[in-house]
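Single-structure report; data block below.
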Amino acid sequence: MSTAIICAILIVIAIIGIKSYAKKLTSGCCGASPQPSVKKMKVRDKDKSHYPYSRLLKVDGMSCGNCASHVENALNGLEGVWAQVDLEKGEALVRMKQEYGNNELKQAVKEAGYVVYKIEESPEFSNR
1 MSTAIICAIL IVIAIIGIKS YAKKLTSGCC GASPQPSVKK MKVRDKDKSH
51 YPYSRLLKVD GMSCGNCASH VENALNGLEG VWAQVDLEKG EALVRMKQEY
101 GNNELKQAVK EAGYVVYKIE ESPEFSNR
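Each residue of the sequence shown is one higher than the last, beginning at 1 in full-length UniProt numbering.
Shown next, in the form of structure tokens:
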């Protein structure tokens, strides 16, 4: 009798685990469902010549499109910033109208729940 109870408990745990994993697969790692995914913050000024400063942030912890949108929105929320995230490379190209310090950029990404582990000068501007 006790063996049957233990087997029943294990089956219930397995079913709950499978359902949880299936939900994660369909809704993304961040818990946002595919339908109402994270809405990207629009940047009005997309003229690259208006952004004299730039940094390339290496970001850890992004694993889906919703993660990338969270990071992009956090950076685009800063005044005079246009950020574009490349999820596959784990990078965020940050163009700035006024220069922000590395700590300010790191903090914005940290508040979105991710970690900046390296900041480089953007190769886009290295030829100037």
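Think of the CB as a built atom: it goes at the ideal place given N, C-alpha and C, for glycine as much as any other residue.
Source: prediction; values computed, not measured.
Item: Roughly how many whole angstroms lie between the Cα atoms of G101 and I16?; Value: 46 Å
Item: In angstroms with no decimal places, state the Cα-to-Cα distance between K118 and K106.; Value: 9 Å
Item: For Q35, count neighbouring C-beta atoms within 10 Å of its own C-beta (all shown protein chains included) and say buried if the count is 16 or more, exposed if not.; Value: Residue placement at Q35 cannot be trusted, given a pLDDT of 44 that sits under 50; the coordinates are not used to answer.
Item: Measure how close the beta-carbons of R55 and E104 come, nearest whole angstrom, since I'm counting them as under 8 Å.; Value: That belief does not hold up - the Cβ atoms of R55 and E104 are roughly 11 Å apart, past 8 Å.
Item: Following the continuous alpha helix (DSSP H) through E72, name the residue where it begins and the one where it ends.; Value: 65-76
Item: Just mark S33 as buried or exposed, buried being the case when its beta carbon has 16 or more other beta carbons within 10 Å.; Value: Only weak support exists for where S33 lies, its pLDDT of 47 falling under 50; the value from the coordinates is given anyway. Exposed: under 16 other Cβ atoms inside 10 Å.
Item: Using the rule of at least 16 other Cβ atoms within 10 Å of the residue's Cβ for burial, across every protein chain shown, is G113 buried or exposed?; Value: exposed
Item: Do you know offhand how far W82's Cα is from E99's?; Value: 12 Å
Item: Among I5, A108, A22, which has the Cα closest to the Cα of L57?; Value: A108
Item: Excluding five sequence neighbours on each side, which residues of the same chain lie with their C-beta closer than 8 Å to the C-beta of E91?; Value: L56, L57, K58, V59, V85
Item: Just to confirm, is the Cβ distance from N73 to M96 under 8 Å?; Value: no
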